[in-house]
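Its first residue numbered 30, the sequence shown is counted upward by one per residue in the working numbering.
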Amino acid sequence: MNTQKIFYLNKLRCEVAMQQALQDWQPQPKTYGFECPRCNSTRLVKIRSSNSIQKYLCNDCDRSFQERPRFVCECLIPGHQLNCQSCPQFKEFLGLVKQKMDELRFLSFQELQSLKSSYTVAETLD
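Right, here's the structure in full:
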């Protein structure tokens with residue numbers, strides 16, 4: 030198989046994996062950055078503010094830390110906004126796409142083409 034055919038096969042595999050991942054994807058608005066950096070707990074207590082920097086104490090592991098920048102993700106389709114590249118949900122979605130690609134690794138070009146057309150038809154019916 031030549032390089033160009035391998036490229037088109039991988040491109041098709043990626044497109045089908047993306048469609049499958051989007052069907053499985055359960056988007057949920059989420060705020061990142063408001064959890065303990067050690068244990069990821071959200072059970073926090075404000076303890077003091079000095080020089081306009083708020084400090085918190087984690088109720089689970091007793092670590093104190095400063096307020097960190099918050100990131101809010103409200104994407105319905107991952108990767109469609111500029112700030113998606115740094116979003117933890119987008120990274121999770123990419124992991125799902127990779128998993129789907131691994132599952133599709135042994136399908137032929139014709140089988141992948143058939144899967145892709147079935148997703149295209151399903152989208153038009155919705």
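We put the CB at the ideal spot given by N, CA and C, even for glycine. Bear in mind the structure is a predicted one, so any value in this text is a computation, not a measurement.
- Are residue 133 and residue 56 close, meaning C-beta to C-beta below 8 angstroms? On the sequence shown, residue 133 is found 104 positions in, with the first residue counted as 1. On the sequence shown, residue 56 is found 27 positions in, with the first residue counted as 1. No, these two residues do not count as a Cβ contact at 8 angstroms.
- Item | Nonlocal neighbours in the same chain, by C-beta distance under 7 angstroms from residue 110, ignoring five residues either side | Position 81 of the sequence shown holds residue 110. So the list reads 104, once near-sequence residues are dropped.
- Message: Does residue 118 pass the burial test, meaning 16 or more other C-beta atoms within 10 Å, or should it be called exposed?
- Response: For this step, residue 118 is matched to residue 89 along the sequence shown. Label assigned to residue 118: buried.
- Item | Three-state secondary structure assigned by DSSP to residue 73 | Here the question's residue 73 lines up with position 44 in the sequence shown. Here residue 73 sits in strand by DSSP.
- Query: What three-state label does DSSP hand residue 106 in the structure shown?
  - Reply: Position 77 of the sequence shown, counted from the first residue, corresponds to residue 106. Coil, per DSSP.
- Message: Whole angstroms are fine: how far does the CA of residue 124 sit from the CA of residue 114?
- Response: Within the sequence shown, numbered from 1, the residue matching residue 114 stands at position 85. Within the sequence shown, numbered from 1, the residue matching residue 124 stands at position 95. Rounded to the nearest angstrom, the two C-alpha atoms are 13 angstroms apart.
- Compute the distance between the beta-carbons of residue 142 and residue 41, then report whether it is under 8 angstroms. What you label residue 142 is simply residue 113 of the sequence shown in a count that begins at 1. What you label residue 41 is simply residue 12 of the sequence shown in a count that begins at 1. Yes, the pair counts as a contact, with Cβ atoms nearer than the cut-off.
- Query: With a CB to CB cut of under 7 angstroms and the five nearest residues on each side skipped, what residues in its chain are close to residue 66?
  - Reply: Position 37 of the sequence shown, counted from the first residue, corresponds to residue 66. Hits under 7 angstroms: 94.
- Euclidean distance between Cα positions of residue 112 and residue 96: Counted from its first residue, the sequence shown places residue 112 at position 83. Counted from its first residue, the sequence shown places residue 96 at position 67. Rounded to whole angstroms, residue 112 to residue 96 spans 21 angstroms at the Cα level.
- Helix, strand or coil for residue 128 per DSSP? Working through the sequence shown from its first residue, we reach residue 128 at position 99. Residue 128 falls in the helix class under three-state DSSP.
- Task: Name the residue from 131, 92, 48, 71 whose alpha carbon lies nearest to the alpha carbon of residue 107.
- Result: Translated into positions along the sequence shown, residue 107 becomes position 78. For residue 107, the nearest C-alpha among the options comes from 48.
- Message: In whole angstroms, give me the CA-to-CA distance for residue 71 and residue 82.
- Response: Counted from its first residue, the sequence shown places residue 71 at position 42. Counted from its first residue, the sequence shown places residue 82 at position 53. Computed Cα separation, rounded: 19 angstroms.
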